[in-house]
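This report concerns only the one structure given below.
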Amino acid sequence: MPSISTDFDVRPYEDVPAQTIALSVPDAAAPKHCPIQLLFWPVDGKSSFTRGYENLKEGLSRLLSDVPVLAGKLERGWKGDSRYLAVNISSDASVEFVYEDVSAEDIIPSYDNLAQNGFPTTGFRDILSPKMSLGPMVEGSPMMCAKLNMIKGGAILAYGFSHVLADGWANSELGRLWALHAAQVSQGIEFKKHKDATPDEDIRRRLSTLPEYDTDVPLDAFLQITPSEEATNFLHKDVLSAEKAKKKAREKMMATLLAAGEVPELPRFTFWRFTPEKLKELKQAAAGSDPDKWISTMDALAGLFWSRIALIQGQSSNGHQQSRCIFALDIRRRLQPPVPLGYIGNVFSPVDALCPLDELESDSLGLKAAAQSMRQANKGWAQSRWEAWLNKIMSLPLDQTLDTSQEFRLQKHNMYFNDYSAFQLNTASWGAPFGQPTRTRCLRSGLSGGAAGVWVCPKLPDGSLEVWLTSTAALQKSLFEDTMFNHYAEFVCQHT
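For the sequence shown, the positions run 2 to 497 when this note's numbering is used.
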């Protein structure tokens, strides 16, 4: 049986010079967290697990040479200004990639048990996750973290890239590159770089240049000016100050929910599966017969959740007239001039779709109205809107920044929608002995009340989509009983 290395520090495959990389303003404005992906594989015996770990480890070493910024640590940039962050790469830079045998942990089911139950993650997030991901992101935090866990009959890879460095698209691209390098290690192929060559320094400088601003373009209504240190995207100096700020924000949120008559509870995560046939049927139902009202499958999927949740909650009876659905657009190809798809960074724009609640709550009109609202919001995006956001961030005093309005986040008639369907996590092979993951899961936190969140997972090999919803127990129960919703959706699993 091959032995497994106990040196968890992974260094770049080729020497990387010490350097400091200035990030862009959109990078600095990104959420300060490291979203963790879980990849599940069946594994036959410790020997296969050991071989898989060593392949992933050398694949990671190659990735660090391909994308050196991943080996760095986050720091304040120009004159300590929180709008300008940087990544410092030392001459001995490395990334920690831990493995752990957790097969004896009673709380963690066997691989077969997880597969039979839809791969829920209740109760063992802290055991599986890299330690770095369990605390707040602060000055000195690494740009990525990873851990491989051996369970009974399988393996679970938990890894994440700092959102400060990578938005959703870039996160997917980094995962694809790691998988490609690991696969080539398993095949005995010599190292070569696979990341597309991009003028990163020029792009970051462009994204940090104060744009010409059309003063007639208003800021999005879901944004608000916030004291910098109270914003959700503020980079704190240390864990203690970050935890204090988090506690203060949570207390404020709980007080707001209680004042609105809501009882805060532990958020629930429910996974639903949509087959290619049901997605096609859903799109046809949401589009109707008017050829001028074309919608995408994703518009229809968002419309289903948005309309059925609105109908169940019936918030128009409480005096609310409109609902907002916020989603993020990757604008690499929409900006003029475009940003190359291979660029690693944050190039997204938050967008909100608006729909009257009386239309959303209509059993016959809700799906079509919601889907059309999503389509119009997508089509209506303009570069001037993004430039207004960037201009405002760069023009505010140092002690102020832009953040998502807490009022929006805590209003239950609103919704978040996140589309990760184009990501290749479920279809990329990581080489022998692991191969293609059976399933992926993303570990995220949820609100104790307020707006529901919907996440579309990476497409499965058969074309199906899994979608997860953060919601209250009451909303979850109502969706189980909703005939129209269950006509399209198949329950997969749930966890807290």
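Just so you know, even glycine gets a beta-carbon here, dropped at the ideal spot from N, CA and C.
In this text the structure is predicted, and so the values were computed from the model without any measurement.
Exposure of residue i, with buried meaning 16 or more beta-carbon neighbours within 10 Å
i, result
"Pro18", "exposed"
"Thr122", "buried"
"Thr484", "exposed"
"Asp168", "buried"
"Val352", "buried"
"Glu362", "buried"
"Thr210", "exposed"
"Asp16", "exposed"
"Gln314", "buried"
"Gly124", "exposed"
"Val264", "exposed"
"Ile108", "exposed"
"Arg334", "exposed"
"Asp93", "exposed"
"Phe492", "exposed"
"Ala243", "buried"
Backbone CA spacing between residue i and residue j [nearest angstrom]
i, j, result
"Phe270", "Leu426", "20 Å"
"Ala286", "Glu360", "16 Å"
"Ile204", "Gln316", "44 Å"
"Val186", "Phe272", "34 Å"
"Leu166", "Phe349", "12 Å"
"Tyr344", "Leu259", "44 Å"
"Arg274", "Leu280", "10 Å"
"Phe486", "Glu59", "45 Å"
"Asn118", "Glu174", "29 Å"
"Met299", "Pro27", "25 Å"
"Gly53", "Pro434", "6 Å"
"Phe328", "Glu191", "41 Å"
"Phe162", "Ser318", "43 Å"
"Glu101", "Glu266", "32 Å"
"Ser422", "Lys393", "31 Å"
"Pro3", "Lys153", "Because the pLDDT of Pro3 is 46, which lies under 50, any placement of that residue in the model is unreliable, and the question is left without a value."
"Tyr112", "Thr439", "10 Å"
"Ala246", "Pro292", "51 Å"
"Glu97", "Cys146", "7 Å"
"Thr1", "Gln401", "Since the first and last residues shown for the chain are 2 and 497, residue 1 lies out of range."
"Val11", "Leu149", "14 Å"
"Leu366", "Ala311", "12 Å"
"Pro462", "Glu252", "43 Å"
"Leu39", "Gln437", "13 Å"
"Gln188", "Asp201", "31 Å"
"Ala31", "His496", "27 Å"
"Gly176", "Asp420", "17 Å"
For residue j and residue i, believed in contact at Cβ under 8 Å, the rounded distance
i, j, result
"Cys326", "Trp307", "5 Å"
"Gly141", "Lys74", "5 Å"
"Ala23", "Gly78", "6 Å"
"Trp390", "Leu403", "7 Å"
"Gln407", "Met254", "7 Å"
"Pro143", "Val240", "The pair is not a contact, with the Cβ atoms about 14 Å apart (cut-off 8 Å)."
"Asn379", "Leu330", "7 Å"
"Ala183", "Leu283", "Not really, about 36 Å apart at Cβ, beyond 8 Å."
"Pro36", "Cys356", "Contact flag wrong, Cβ pair sits at about 28 Å."
"Ser25", "Leu208", "4 Å"
"Val70", "Val99", "Contact flag wrong, Cβ pair sits at about 21 Å."
"Thr405", "Leu224", "7 Å"
Nearest candidate by alpha-carbon position, reference residue i, set the options
i, options, result
"Lys151", "Pro69, Pro43, Val68 and Leu224", "Note that residue 151 is Met in the sequence shown here, rather than Lys. Of the listed residues, the one whose Cα sits closest to Met151 is Pro43."
"Asp364", "Ile22, Arg309, Arg445 and Met144", "Arg309"
"Thr441", "Pro459, Pro434 and Val103", "Pro459"
"Lys369", "Ala288, Pro351, Glu408 and Lys33", "Ala288"
"Trp456", "Glu282, Ala303 and Pro462", "Ala303"
"His34", "Asp45, Lys132 and Glu15", "Lys132"
"Ala354", "Val340, Tyr417, Asp197 and Glu408", "Tyr417"
"Ala72", "Asp28, Thr21, Gln322 and Pro36", "Thr21"
"Lys238", "Ala183, Gly161 and Leu86", "Leu86"
"Phe235", "Ile109, Val139 and Ala372", "Val139"
"Ala452", "Leu476, Ser465, Thr439 and Pro462", "Leu476"
"Pro13", "Phe41, Pro36 and Ser91", "Ser91"
"Ala198", "Glu106, Ile108 and Asp67", "Asp67"
"Thr471", "Gly436, Asn415, Phe424 and Pro110", "Asn415"
"His321", "Leu358, Trp179, His195 and Glu231", "Leu358"
"Gln323", "Pro339, Ala232 and Ala371", "Ala371"
"Ala29", "Ser83, Phe492, Thr276 and Ser49", "Ser83"
"Pro277", "Ser104, Leu466 and Arg126", "Leu466"
"Gly46", "Ala156, Leu61 and Leu135", "Ala156"
Min CB distance residue i to chain D below 8 Å
i, result
"Asn89", "Absent here is chain D; the protein component of the structure consists of one chain."
* To do: Jot down the residue ranges of each uninterrupted alpha helix (DSSP H) in the region 90-164, minimum 4 residues, whole runs only, in chain order.
  => Whole alpha helix (DSSP H) segments, 4+ residues: 112-117, 126-129 and 132-135.
* Asked: What are the complete beta strand (DSSP E) segments, minimum 3 residues, inside the region 353-413?
  -> Correct list: 401-405.
* Enumerate, from N- to C-terminal direction, the unbroken alpha helix (DSSP H) stretches of 4 or more residues contained entirely within the region 197-271. => Runs found: 201-208 and 240-260.
* **In chain order, each alpha helix (DSSP H) run of at least 4 residues that lies wholly inside the region 430-478** => You should have found no qualifying run.
* Starting from the N-terminal side, write out each stretch of the beta strand (DSSP E) that is 3 residues or longer and does not extend beyond the region 23-60. => 37-43, all fully within the region 23-60.
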